Each structure stands twice: as C-alpha cells, then as structure tokens.
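Going by the working numbering, the letters in the sequence shown line up with residues 225 to 385, in that order.
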Amino acid sequence: MVLGGLSLALLGCGPKPIEGLRSYEYLGGDQRSGVLTYGETPPVGGPYNPLWQTCALYTQPVYNEYAVHSLARGAVWVTYRPGLDAAEVEGLRTLLAGQPAALLSPYPNLPSPIVMTAWNRQLSVEKADDARLTRFLKEVLPENSAPEKGSPCSGGFGGTR
C-alpha cells in the first residue's frame with residue numbers, strides 16, 4: 225500500500241502539461257500536389273506537397289502545403305499575425321536561433337497573435353516571451369512523432385506566397 229501511495233505522489237511531481245497545448249491525430253505520408261484544405265489555422269498535419277518548405281525565417285507568408293511537409297520532417301513552424309510589433313517578431317527570431325529545423329512566417333487571419341506548431345501539436349500565445357513557447361521547444365518538439373522526423377529541412381521550396 226505504501227508503494228502505491230508513493231507511485232501516486234511521484235506522478236504528481238512530473239512537469240505539468242503545457243497550458244493551452246492542443247493535440248491532433250494526423251498519420252502522415254499523404255503526399256498530394258495542388259492546393260490542399262486543412263481543418264486548422266495554421267495547419268498542424270494532414271496531406272502535404274511532395275516538396276517541403278526550406279526551414280528559414282520568412283518575412284512573407286509561406287504555402288501551407290510545403291510547410292506541413294516540413295512539419296512532417298520534424299520542424300517547428302512559428303506563425304504570427306501580419307503587423308505584429310517588430311519587437312515581438314525579433315523575440316521570435318531570438319527564440320528560434322539555434323533551432324535546426326524551424327520556420328517563422330507571418331500568417332494572415334491567425335486566430336491569435338502567435339501560434340507555434342509541430343506535427344500534431346499546436347500552441348497559441350499572445351506574446352513572444354511567453355514561457356510556454358520555450359517549454360514547447362524543449363519538451364514537445366524532441367518527443368514529437370512526426371512521420372518523417374530526422375529528414376532534412378533544407379533543399380526544399382524557398383519561396384513565399
């Protein structure tokens with residue numbers, strides 16, 4: 225009985241879930257050409273173009289179809305509302321510095337000022353200094369089960385919309 229109580233106590237000591245983190249159940253591997261429709265804004269998974277978006281920091285919106293393929297390769301995609309304060313955008317650039325597979329781009333009609341997305345995981349925040357963004361990068365991204373995780377995020381499509 226003591227061991228059972230100890231187990232329950234230890235379960236409560238682990239990291240708390242990231243507040244507001246949403247999870248999805250896309251499988252991956254569904255490559256298609258053309259314009260695709262997604263259920264989330266920005267997309268968090270689903271079908272994607274055979275070509276991926278080259279991981280970089282963009283100042284113009286990128287195509288969903290290429291960005292979703294980058295997510296499938298294990299990248300993180302941080303989107304922000306066009307017109308977001310320059311200091312906030314710079315904060316996002318700083319946050320992503322050193323991330324080997326990251327996209328940053330504005331995204332029209334975004335439901336919140338900033339959205340961080342990995343395959344099947346998404347977090348919306350108001351400010352670039354929200355500690356949940358760092359937790360996402362440290363806790364969610366390494367554990368992500370992207371279907372093509374480990375594939376390079378370079379050498380793909382480097383254009384914008």
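Glycine included, every Cβ here is placed at the ideal spot set by N, Cα and C. In this text, all values refer to a predicted model and were calculated from it rather than measured experimentally.
For the pair Thr384 and Pro266, the CB atoms are not nearer than the 7 Å cut-off. If you ignore the 5 residues before and after Gly379, its C-beta comes within less than 8 Å of the C-beta of Thr278, all in its own chain and listed in chain order. Counting along the chain, no alpha helix (DSSP H) covers Val286, and no H or E run does either.
In this structure Glu350 touches Pro337 by the C-beta definition: roughly 5 Å separates them, less than 8 Å. Counted as a single uninterrupted DSSP element, the alpha helix (DSSP H) harbouring Arg317 occupies residues Ala310 to Leu320. Contact between Arg359 and Val268 is ruled out by a C-beta separation of about 18 Å, above the 8 Å threshold.
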